[in-house]
Amino acid sequence: MSPMLSIAKREFRSYFDSPLAYVVICLSFFALGLMFFTLNGGFWQADRSSVERLFEYAPMGLSLLVVPVVTMRLVAEERRSGTLEMLITLPVRDSDVVLGKYLGALGLVLVLVVATIIYPLGLFKFPWTLGPLDPGPVASGYLGLLLFSAASVSIGLLISSFSESQAVAFFLTFFVLAALWFFDNLAQYLSSGGSGGFLPGLLQYISFQSRLSGFWRGVIYYRDIAFFLSVTILSLLVAFRALERRKWA
Amino acid sequence: MSTDVMIEASALTKRFGAVRALDKVSFEVRRGEVVGFLGPNGAGKSTTMRILTCFISPTTGSAKVNGHDVFDKPLDVRRAIGYLPQRAPLYTDMTVYEYLRFVAEVRGLDESKFKSRLKKVVEVCGLAQSLGKDIGTLSHGYRQRVGLGQALIHDPQILILDEPTSDLDPNEKAEVLRYIKEIGKDRTILLSTHNLAEVEEACARAIIVSKGRVVADGPLSDIRGKTGRVRYVVTIDEKRGEGGNQAPSVSAIQQAFERLDGVRQVKELPSDERAHRLELIGPQDSDLRAEIFRLAVAKGWTLLELRRDAQSLDAVFRDLTRGDEKLDRGADWKAEGEADDDDDDDDDEVASKQDDDDDDDDDDDEETEDASKDLKAERKV
Chain G
694 MSPMLSIAKR EFRSYFDSPL AYVVICLSFF ALGLMFFTLN GGFWQADRSS VERLFEYAPM
754 GLSLLVVPVV TMRLVAEERR SGTLEMLITL PVRDSDVVLG KYLGALGLVL VLVVATIIYP
814 LGLFKFPWTL GPLDPGPVAS GYLGLLLFSA ASVSIGLLIS SFSESQAVAF FLTFFVLAAL
874 WFFDNLAQYL SSGGSGGFLP GLLQYISFQS RLSGFWRGVI YYRDIAFFLS VTILSLLVAF
934 RALERRKWA
Chain Y
199 MSTDVMIEAS ALTKRFGAVR ALDKVSFEVR RGEVVGFLGP NGAGKSTTMR ILTCFISPTT
259 GSAKVNGHDV FDKPLDVRRA IGYLPQRAPL YTDMTVYEYL RFVAEVRGLD ESKFKSRLKK
319 VVEVCGLAQS LGKDIGTLSH GYRQRVGLGQ ALIHDPQILI LDEPTSDLDP NEKAEVLRYI
379 KEIGKDRTIL LSTHNLAEVE EACARAIIVS KGRVVADGPL SDIRGKTGRV RYVVTIDEKR
439 GEGGNQAPSV SAIQQAFERL DGVRQVKELP SDERAHRLEL IGPQDSDLRA EIFRLAVAKG
499 WTLLELRRDA QSLDAVFRDL TRGDEKLDRG ADWKAEGEAD DDDDDDDDEV ASKQDDDDDD
559 DDDDDEETED ASKDLKAERK V
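Here the protein sequences come in this chain order: G and Y.
For the numbering used here, add 693 to where a residue sits in the first sequence, where the first one is 1.
For the numbering used here, add 198 to where a residue sits in the second sequence, where the first one is 1.
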């Protein structure tokens with residue numbers, strides 16, 4: 694096994710050594726259920742055989758709670774406790790450390806994402822069959838969720854690798870991801886008075902919410918895929934630089 | 199292997215902003231040596247070790263470990279060494295077994311190799327009872343053992359241990375030193391500490407650093423002779439001796455001894471008996487005991503104790519690193535490092551080091567040079 698995968702495995706397992714993973718999974722499922730069935734009139738009122746709401750609400754839960762909690766400790770905690778020195782002085786490249794930690798955290802987030810599959814399966818296949826569900830938007834919705842998770846975990850890792858404290862990393866990640874999500878709403882608010890303009894356009898351009906909305910409806914744009922992948926790669930590169938900075942600072 | 203030099207540091211300099219943590223540190227460690235790396239807190243021991251393990255990079259200078267350059271081949275360097283950082287930072291949520299397994303996995307040991315090495319490591323480090331325990335529940339001594347264990351798991355030729363005995367109780371210290379001695383039979387070990395007794399116990403050679411410079415490097419016996427002094431402790435009864443006409447006063451004794459040929463310094467030591475206790479400093483390789491005895495007889499003093507010590511490593515250490523202390527406490531501070539009970543105020547040092555280093559660099563240079571001149575002057579006398 695390559696060092697990177699060993700690190701990823703250790704990272705992933707360590708979530709389950711503490712109550713953290715269980716608490717996060719339980720809370721987020723509870724919250725998701727609440728939002729899915731009650732928010733904006735709820736699933737039953739909508740009366741449509743679609744799980745679009747799932748893909749609309751899951752990313753919100755992920756950016757506001759799950760990703761900040763899961764990524765806050767990645768590097769910050771290791772730096773504070775000194776284990777980073779132990780880890781880096783093993784024969785591993787800095788990139789192995791960054792990618793290993795990234796994959797470990799992303800793994801946990803994806804466990805959650807995959808687990809939400811009980812919504813479409815449970816409501817439209819077994820035990821309930823509420824109507825014919827179009828598999829296309831479900832598949833594209835999951836693709837969007839996957840890309841979204843990849844990008845937001847990389848942002849969390851980036852912030853964690855710059856900060857010394859978990860709490861700071863948590864709040865910064867929370868703030869950045871929430872901003873990226875609600876920029877879309879802000880853009881709509883700003884442009885509601887008059888015509889578009891530069892700022893609303895920019896906000897809409899970088900908002901995760903507007904980038905994802907296509908996936909919910911079953912529309913996949915290459916530019917959206919490229920956007921999320923670019924954010925991921927850029928964040929990982931900067932996180933790698935942040936880790937390397939220790940050598941010279 | 200072609201060369202016998204396992205660790206080679208040449209002119210390592212490391213700056214943290216305006217602070218110069220290391221200043222042209224050079225040394226070599228050969229195969230099979232156990233070397234003690236000594237210095238007060240903040241002298242640059244950990245910085246040097248972090249450079250050798252490629253955790254940080256030197257500002258200038260270069261280092262080679264096992265023939266690999268730390269700049270160009272960091273992975274080869276790290277493969278060749280086992281490293282225990284200060285305070286043994288470990289993942290507290292893993293069990294000892296899981297942790298050792300993780301390290302072995304990252305180091306690319308296969309299953310059978312890991313099994314056989316684990317057996318050996320458990321035996322050497324005494325971990326059999328704690329393999330299944332969470333590291334977070336272990337005492338500091340056991341964590342240190344686990345730290346040693348992970349450094350040994352791949353059977354490295356070179357071990358770099360940063361303060362392996364700090365924060366341990368005396369029993370644990372003795373244990374860890376025993377491991378180090380046992381491990382050191384066939385390996386190269388660089389071991390940092392500020393406890394000199396440990397160096398005397400475990401190492402044959404010491405490198406002393408102070409303010410980021412190497413101030414002494416050599417076998418312990420050479421270093422002990424470095425300041426070139428012999429110390430005598432003399433105790434004289436306070437009461438009138440048989441031949442004498444009056445009870446001796448401290449000042450009278452002091453003056454008499456000061457006139458004695460070769461005596462450089464006389465100092466009163468605290469004493470709880472009804473006696474005067476004095477310390478005399480004489481030149482290296484001399485023996486003034488006969489003269490001291492004859493003087494006492496001539497004056498009619500009752501000699502209760504007369505002892506000659508070659509200078510202890512402790513005192514040498516304080517002498518060599520006293521420059522730090524002087525700078526830290528301001529120019530007026532006079533070092534009186536000779537008394538045995540003079541503790542090192544390491545904590546103050548770290549705090550006040552910062553103030554010092556705010557000075558601009560040229561200034562700093564001058565001060566350090568002054569300090570080293572002082573030292574040279576002292577050694578010459």
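Don't be surprised by glycine CBs; every beta carbon is placed ideally from N, CA and C.
Within chain G, the residues that residue i reaches when beta carbons sit closer than 9 Å
{"i": "P417 (chain Y)", "result": "The premise fails here: P417 (chain Y) is roughly 29 Å from chain G at the closest Cβ pair, so nothing lies under 9 Å."}
{"i": "Y340 (chain Y)", "result": "Residues of chain G passing the Cβ test: none, with the nearest at roughly 16 Å."}
{"i": "I254 (chain Y)", "result": "R939, K940, W941, A942"}
{"i": "T251 (chain Y)", "result": "E778, I781, T782"}
{"i": "L157 (chain Y)", "result": "A question about residue 157 (chain Y) goes unanswered here, because the residues of chain Y that appear run from 199 up to 579."}
{"i": "R218 (chain Y)", "result": "What R218 (chain Y) touches in chain G: nothing, since even the nearest Cβ is about 15 Å away."}
{"i": "R276 (chain Y)", "result": "I781, T782, L783, P784, V785"}
Residue i burial status per 10 Å Cβ neighbour count (16 or more: buried)
{"i": "M779 (chain G)", "result": "buried"}
{"i": "A372 (chain Y)", "result": "exposed"}
{"i": "S390 (chain Y)", "result": "buried"}
{"i": "L892 (chain G)", "result": "exposed"}
{"i": "S699 (chain G)", "result": "buried"}
{"i": "W499 (chain Y)", "result": "buried"}
{"i": "A808 (chain G)", "result": "exposed"}
{"i": "T386 (chain Y)", "result": "buried"}
{"i": "E206 (chain Y)", "result": "buried"}
{"i": "D456 (chain Y)", "result": "Checking the displayed sequence, the identity of residue 456 (chain Y) turns out to be Glu instead of Asp. Exposed is the call here."}
{"i": "T335 (chain Y)", "result": "exposed"}
{"i": "W909 (chain G)", "result": "buried"}
{"i": "A302 (chain Y)", "result": "buried"}
{"i": "W874 (chain G)", "result": "buried"}
{"i": "L895 (chain G)", "result": "exposed"}
{"i": "T822 (chain G)", "result": "exposed"}
{"i": "M697 (chain G)", "result": "buried"}
{"i": "Y708 (chain G)", "result": "buried"}
{"i": "D556 (chain Y)", "result": "Reliability fails at D556 (chain Y), whose pLDDT of 40 lies under 50, so the model's placement of it is uncertain and no value is given."}
Reduced DSSP category for residue i - H, G, I as helix; E, B as strand; rest coil
{"i": "T211 (chain Y)", "result": "strand"}
{"i": "D544 (chain Y)", "result": "Any reading at D544 (chain Y) must be qualified, since the residue scores a pLDDT of 40, below 50, and its modelled position is unreliable; no value is offered."}
{"i": "G259 (chain Y)", "result": "strand"}
{"i": "M694 (chain G)", "result": "coil"}
{"i": "P238 (chain Y)", "result": "coil"}
{"i": "D365 (chain Y)", "result": "coil"}
{"i": "A402 (chain Y)", "result": "coil"}
{"i": "S856 (chain G)", "result": "coil"}
{"i": "P417 (chain Y)", "result": "strand"}
{"i": "D563 (chain Y)", "result": "In this prediction, D563 (chain Y) scores a pLDDT of 41, lower than 50, which makes its location untrustworthy; the coordinate-derived value is nonetheless stated afterwards. The answer is helix: DSSP assigns D563 (chain Y) an H, G or I state."}
{"i": "I810 (chain G)", "result": "coil"}
{"i": "L467 (chain Y)", "result": "strand"}
{"i": "S884 (chain G)", "result": "helix"}
{"i": "A445 (chain Y)", "result": "coil"}
{"i": "D435 (chain Y)", "result": "strand"}
{"i": "A286 (chain Y)", "result": "coil"}
{"i": "K818 (chain G)", "result": "coil"}
{"i": "A216 (chain Y)", "result": "coil"}
Contacts that residue i makes with chain G (C-beta to C-beta distance below 8 Å)
{"i": "P283 (chain Y)", "result": "G775, E778, M779, T782"}
{"i": "F300 (chain Y)", "result": "S699, R703"}
Those residues which DSSP pairs with residue i across a bridge
{"i": "G717 (chain G)", "result": "Sequence check: residue 717 (chain G) is Val here, not Gly. BP columns for V717 (chain G) are empty, so no partner."}
{"i": "E430 (chain Y)", "result": "First, the residue type needs correcting, since residue 430 (chain Y) is Tyr and not Glu in the sequence shown. Its beta-bridge partners are Y:L478, Y:R506."}
{"i": "I205 (chain Y)", "result": "Y:V227, Y:V263"}
{"i": "Y295 (chain Y)", "result": "Its beta-bridge partners do not exist; DSSP assigns none."}
{"i": "I387 (chain Y)", "result": "Y:V232, Y:L357"}
{"i": "G280 (chain Y)", "result": "Y:L357"}
{"i": "R934 (chain G)", "result": "None, per the DSSP bridge assignment."}
{"i": "S699 (chain G)", "result": "For S699 (chain G), which the question treats as bridged, DSSP gives no partner whatsoever."}
Within chain G, partners of residue i - CB distance below 7 Å
{"i": "E303 (chain Y)", "result": "M694, S699"}
{"i": "P287 (chain Y)", "result": "S774, G775, T776, E778, M779"}
Chain-ordered chain Y contacts of residue i [CB-CB under 8 Å]
{"i": "S707 (chain G)", "result": "Y289, D291, M292"}
Contacts that residue i makes with chain A (C-beta to C-beta distance below 7 Å)
{"i": "V785 (chain G)", "result": "The structure shown contains no chain A; its protein chains are G and Y."}
Residue i: contacting residues in chain Y (beta-carbon distance under 7 Å)
{"i": "S711 (chain G)", "result": "D291"}
What runs of the alpha helix (DSSP H), each 4 residues or longer, lie entirely inside the stretch 768 to 807 of chain G? 769 to 774, 776 to 781
* **Any alpha helix (DSSP H) of 4 or more consecutive residues that is wholly inside the stretch 833 to 877 of chain G** => none
| request: Any chance you could list the alpha helix (DSSP H) runs of at least 4 consecutive residues sitting entirely within the stretch 298 to 384 of chain Y, in chain order? | output: 309 to 323, 338 to 350, 368 to 381
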